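S.K.: Residue numbers (the numbering used here), protein chains in the order written: chain C, 3 to 114; chain A, 3 to 114.
Number of protein chains: 2
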Amino acid sequence: MDKEKILNPDAVQRVLEELPDEEILYDLAELFRVFGDSTRIKIMYTLFESELCVGDIAEALNMTQSAVSHQLRVLKANKLVKFRRSGKTMIYSLDDDHVRSILALGMDHVEE
Amino acid sequence: MDKEKILNPDAVQRVLEELPDEEILYDLAELFRVFGDSTRIKIMYTLFESELCVGDIAEALNMTQSAVSHQLRVLKANKLVKFRRSGKTMIYSLDDDHVRSILALGMDHVEE
DNA sequence: TAAACATATGAGCAATTGTTCATATGAATG
DNA sequence: CATTCATATGAACAATTGCTCATATGTTTA
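In structure tokens, the structure reads:
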């Protein structure tokens with residue numbers, strides 16, 4: 003069985019003091035969870051240079067309109083994309099430059 | 003039924019040309035998926051200032067040694083943490099500054 | 001206002017995932 | 001070399017998730 007003995011009480015104490023609030027850590031994880039799906043990553047890259055409507059995203063990624071719409075909903079809920087209406091079509095774009103920054107930083111790490 | 007009509011063929015074409023390779027996009031998603039769990043986020047924050055052994059991380063986060071070890075395995079596999087042995091204990095630390103940068107950038111977005 | 005079109009949404013299913021529990025590995029110590 | 005300690009690992013289970021299919025909503029146009 004575990005003894006759970008603390009090897010370095012000072013360090014543990016220090017960590018506990020500096021750890022951000024539970025709620026913030028949860029929100030942070032949720033943000034990254036949204037980035038953690040290749041479909042959503044693709045959709046965001048699709049919008050990297052210019053805005054697009056749902057049908058065109060689906061066409062470009064060879065996906066169902068429904069699947070794209072479902073994922074746009076998630077992106078929207080997390081303020082990663084915004085949209086405007088133009089007649090019957092909804093035109094989506096990246097919400098702010100944080101999205102591009104986060105993608106770029108992740109790319110740095112992936113490309114080594 | 004869907005008509006799948008392309009509303010903006012030029013834009014679709016442009017997107018297809020500039021979209022990163024499938025494999026890279028997948029790796030990128032996998033990287034963020036690792037960040038997308040609050041337990042792993044907590045573990046990384048635990049290591050933000052100084053290295054720690056497994057038992058101390060478990061103690062600080064009030065988690066099972068096993069659960070922490072399983073997650074460290076995931077972080078290790080994605081090159082987000084590294085470790086060294088010191089006798090019986092394994093001492094973990096963040097692998098590079100990309101980790102801190104990504105966490106910080108995510109924090110920016112979460113804090114609005 | 002009825003039909004066509006673009007998008008959104010809900011239910012259901014298969015696949016993935018994080019935890020627990022039990023046990024294995026590997027190093028230090030008597 | 002047997003025991004103790006720190007960590008790692010495998011199996012199993014519950015919960016979450018992304019897709020499909022069918023249908024609903026809302027806008028334009030004939």
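Glycine residues also receive a C-beta, built at the ideal position from the N, C-alpha and C atoms.
Fair warning: this is a prediction, and the values are worked out from it, not measured in the lab.
Go ahead and label A:Asp58 buried or exposed: buried means 16 or more other beta carbons lie within 10 angstroms of its beta carbon, across all protein chains shown.
M.R.: Buried, by the Cβ-count rule.
S.K.: Relative to the C-alpha of A:Gln100, which candidate in A:Asn80, A:Ser88 and A:Val14 has its C-alpha closest?
M.R.: Inspection of the sequence shows that residue 100 of chain A is occupied by His rather than by Gln. The candidate whose alpha carbon is nearest that of A:His100 is A:Asn80.
S.K.: Quick one, which residues of the segment 31-54 of chain C are near chain A if we go by CB-CB under 9 Å, in chain order?
M.R.: Taking 9 Å as the Cβ-Cβ cut-off against chain A, the residues of the segment 31-54 of chain C that qualify are Ala31, Glu32, Leu33, Phe34, Arg35, Val36, Phe37, Gly38, Asp39, Ser40, Thr41, Arg42, Ile43, Lys44, Tyr47, Thr48, Leu49, Phe50, Glu51, Ser52, Glu53 and Leu54.
S.K.: For the beta strand (DSSP E) that C:Leu96 lies in, which residues bound it at each end?
M.R.: Unbroken beta strand (DSSP E) run through C:Leu96: Thr91 to Leu96.
S.K.: For chain C, find out if any of its Cβ atoms is closer than 8 Å to the Cβ of A:Glu19; answer yes or no.
M.R.: No - not a single Cβ of chain C is within 8 Å of the one on A:Glu19.
S.K.: At a Cβ cut of 7 Å, what residues of the segment 80-107 of chain C count as close to chain A, listed as they run along the chain?
M.R.: Residues passing the 7 Å Cβ filter: Thr91, His100, Ser103, Ile104 and Leu107.
S.K.: What do you get for C:Ala31, buried or exposed, if any count of 16 or more other CB atoms within 10 angstroms of its CB means buried?
M.R.: Flag for C:Ala31 reads buried.
S.K.: Compare the Cα-Cα distances from A:Thr48 to each of C:Ile104, C:Asp110 and C:Ala13 and report the closest residue.
M.R.: Comparing Cα positions, the closest option is C:Ala13.
S.K.: Go ahead and pull the three-state DSSP assignment for C:Leu27.
M.R.: C:Leu27 falls in the helix class under three-state DSSP.
S.K.: Please state whether the Cβ-Cβ distance between A:Leu77 and A:Val70 is less than 8 Å.
M.R.: It is not a contact, given that the beta carbons lie outside the stated cut-off.
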